[in-house]
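Chemist: Counting along the sequence shown from 1, when you hit position 21 you're at 21 in the UniProt record's numbering, and nothing is skipped either side.
Ideal Cβ positions, reconstructed from N, Cα and C, are used throughout, including at glycine.
Since the structure is predicted, the reported quantities are computational estimates derived from the model, not experimental observations.
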Amino acid sequence: MIKKHRQIPLIIPKLEALLRRLPHHHLKHADIKKDLAKWTAGYKGEESLNYHLEQLPPSKYYILHDLRLPHGKYHFQIDTLLITSRCIIILEIKNISGTLYFEKTTQQMIRTRNQQEEGFQDPITQARNLRAKLRSFIAGMNISELPIEYLIVISNPSTIFKVSNNHPELVSRITHAANLEDKLTFLQRNLLEEILEQKVIQKLSKILIKSHEPLQTDVMSLYSIKIADILTGVHCPICSFLPMKKVTAKWYCSNCGENCSDAHIQALNDYCLLFGNAISNSQLRSFLHVETRFIAYQLLKNLKLNSTGSKKGTTYTLPPPSC
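(1) Could you check the C-alpha separation between phenylalanine 76 and cysteine 239 for me, to the nearest Å?
(2) Thinking asparagine 255 and phenylalanine 275 are a contact (beta carbons under 8 Å), I'd like their distance in whole angstroms, please.
(3) Return the chain-ordered ranges of every beta strand (DSSP E) run that is complete within the stretch 22 to 55 and spans a minimum of 3 residues.
(4) Provide the residue(s) that pair with tyrosine 62 in DSSP beta bridges, ordered along the chain.
(5) So, at 8 Å on beta carbons, what are the nonlocal neighbours of glutamate 193 in its own chain, with the 5 sequence-adjacent residues on each side left out?
(6) Can you tell me which of Leu231, Arg285, Leu191 and Pro243 puts its alpha carbon nearest to the alpha carbon of leucine 18?
(7) I'd like to check one pair, phenylalanine 102 with valine 163: are the Cβ atoms closer than 8 Å?
(8) For threonine 84, count neighbouring C-beta atoms within 10 Å of its own C-beta (all shown protein chains included) and say buried if the count is 16 or more, exposed if not.
(9) Quick one: measure Cβ to Cβ for isoleucine 32 and leucine 15, integer angstroms, because I've assumed they're closer than 8 Å.
(10) Tell me which residue opens and which closes the beta strand (DSSP E) that leucine 231 is part of.
(11) Between isoleucine 148 and phenylalanine 161, is the Cβ-Cβ spacing less than 8 Å?
(12) With three or more C-beta pairs closer than 8 Å as the rule, is the stretch 248 to 263 touching the stretch 214 to 233?
(13) Helix, strand or coil for proline 168? Go by DSSP, reduced to three states.
(14) Quick one: Cα of leucine 82 to Cα of glutamine 188, how far?
(15) Could you spell out the range, first to last residue, of the beta strand (DSSP E) harbouring isoleucine 11?
(16) When burial is assigned at 16 or more other CB atoms within 10 Å of the CB, is aspartate 182 buried or exposed?
(17) Helix or strand or just coil, what does DSSP make of histidine 235?
(18) Pull up the distance between the alpha-carbon of histidine 25 and that of isoleucine 154, whole angstroms please.
(19) Residue range of the alpha helix (DSSP H) that methionine 220 falls in?
(20) So what does DSSP say about histidine 176, is it helix, strand or coil?
(21) Mind checking threonine 80: buried by the 16 CB within 10 Å criterion, or exposed?
(22) Run through DSSP, which three-state label would valine 200 get?
(23) With a Cβ-Cβ cutoff of 8 Å, do asparagine 156 and glycine 45 count as a contact?
(24) Give the straight-line distance between the Cα atoms of serine 59 and isoleucine 2, rounded to the nearest whole angstrom.
(25) Can you give me the start and stop residues for the beta strand (DSSP E) that phenylalanine 161 sits inside?
(26) Excluding sequence positions up to five away, which residues of its chain have a Cβ less than 7 Å from the Cβ of leucine 56?
(27) Grab me the residues of histidine 176's own chain with a C-beta within less than 7 Å of its C-beta, minus the 5 sequence neighbours each way, in chain order.
(28) For methionine 109, list the residues DSSP reports as bridge partners.
(29) So the beta strand (DSSP E) residue 326 belongs to, where does it begin and stop?
(30) Check for me: the beta strand (DSSP E) holding asparagine 306 runs from which residue to which?
(31) Going by DSSP, which residues form a beta bridge with histidine 264?
(32) Would the beta-carbon of glycine 309 fall within 8 Å of that of threonine 317?
(33) Note down, in chain order, each residue of its chain lying with its Cβ closer than 6 Å to the Cβ of residue 387, except the 5 sequence neighbours on either side.
(34) Ends of the alpha helix (DSSP H) at isoleucine 295?
(35) Indicate whether cysteine 272 and proline 321 have their beta-carbon atoms separated by less than 8 Å.
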């Protein structure tokens, strides 16, 4: 039973907006594009697990996707958490192609692809750290101590993984997504006692979901992007030309001739992703290339936004960005 669904990480649409608003020759363009590809691959890998999780008996598993929980001054992220009457299981999902070799001595996962080697953190160490933090988080809930298990799930079916002789634990802790149900059964083979009642499982799920704090990333600061670097204006929804021109009640594209009445919605979505959800009339005029205060006011009025302040000090609250 899915209690918390997976959502697209907000950093993905933020990076997409940033790429739309930066010149292709910008020094950070390639880095941002590379990071976006990594985030997107990670999300797709987690999403591809959904089919296999849906095959699990819904009465036996409470499923919580994408949990970000506080730990002191910091947070820890769990890709997917399964809660059963016998234990909690952390699923650490890896969407990595090529051949993976796991070495315990160096605590590394080494990926070989196209005759190139690349090192990653040992996922066993990573999962153990998550288990310790989750155990600490649950400790103050007045709930019976639960066994916390973990699995490393390889979402790419073509990925080959190899394990060094001194890393036998990993054999029982790693699986391709297609074998997930069998691996979960194997993992719980010695956990015969049902520790948690259904109402306690529900309580634990609600607390975890309520404690979830989505990652908020200021991508402008992350990549040291100056406001002056951002391309303003309204993109054409057909040819992506920038900027469209406001002509009476529509936006006109001088490149392909497209006329559109709501092309500014995407532009305001970009503004919200990059600068936050507060916008003034003058900021809207500057970002959308609107000539008069009255036209800007009409655009804001038609959006039926909440506002604070009065006259020139009025600030409008844009809706949450669409992903």
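Modeler: Straight from the coordinates:
(1) So the two alpha carbons sit approximately 41 Å from each other.
(2) About 26 Å; that fails the 8 Å criterion.
(3) None, since the stretch 22 to 55 contains no complete beta strand (DSSP E) of that length.
(4) BP columns for tyrosine 62 point to Ile83.
(5) If we look at glutamate 193 and ignore the five residues flanking it on each side, its Cβ neighbours are Arg86.
(6) Taking only the C-alpha atoms, the option nearest leucine 18 is Leu231.
(7) Yes, they are a contact pair.
(8) The C-beta of threonine 84 has 16 or more other C-beta atoms within 10 Å across all chains shown, which makes the residue buried.
(9) 6 Å between Cβ atoms; contact.
(10) Element bounds for leucine 231: n/a, residue is neither H nor E.
(11) No. Outside cutoff.
(12) With the cut-off at 8 Å, the stretch 214 to 233 and the stretch 248 to 263 do not touch.
(13) Proline 168 falls in the coil class under three-state DSSP.
(14) Going from the Cα of leucine 82 to the Cα of glutamine 188 covers about 12 Å.
(15) Counting along the chain, isoleucine 11 falls outside any beta strand (DSSP E), though it belongs to the alpha helix (DSSP H) covering 11 to 20.
(16) Around the Cβ of aspartate 182, a 10 Å sphere holds fewer than 16 other Cβ atoms; the residue is exposed.
(17) Reduced to three states, the DSSP call for histidine 235 is coil.
(18) One C-alpha to the other measures close to 36 Å.
(19) 219 to 222 is the extent of the alpha helix (DSSP H) around methionine 220.
(20) In the three-state DSSP reduction, histidine 176 falls in the strand class (E or B).
(21) Answer is buried; the Cβ neighbour count reaches 16.
(22) If DSSP states are grouped into helix, strand and coil, valine 200 belongs with the helices.
(23) In contact: asparagine 156 and glycine 45 (Cβ atoms closer than 8 Å).
(24) C-alpha separation (whole angstroms): 10 Å.
(25) Segment 160 to 163, the beta strand (DSSP E) holding phenylalanine 161.
(26) Closer than 7 Å at Cβ, skipping near neighbours: Glu181.
(27) So the qualifying residues of the chain are Ile154 and Pro157.
(28) Residue pairing by DSSP puts methionine 109 in a beta bridge opposite Phe102 and Phe120.
(29) What the structure shows of the chain is the stretch from 1 to 323, and residue 326 is not part of that stretch, so it cannot be assessed.
(30) According to the DSSP assignment, asparagine 306 belongs to the beta strand (DSSP E) that extends over 306 to 308.
(31) None; histidine 264 has no bridge partner.
(32) No; because the gap between Cβ atoms is not below 8 Å, this pair is not in contact.
(33) The first residue shown for the chain is 1 and the last is 323, placing residue 387 beyond what the model contains.
(34) Unbroken alpha helix (DSSP H) run through isoleucine 295: 293 to 302.
(35) Taking 8 Å as the Cβ cut-off, cysteine 272 and proline 321 qualify as a contacting pair.
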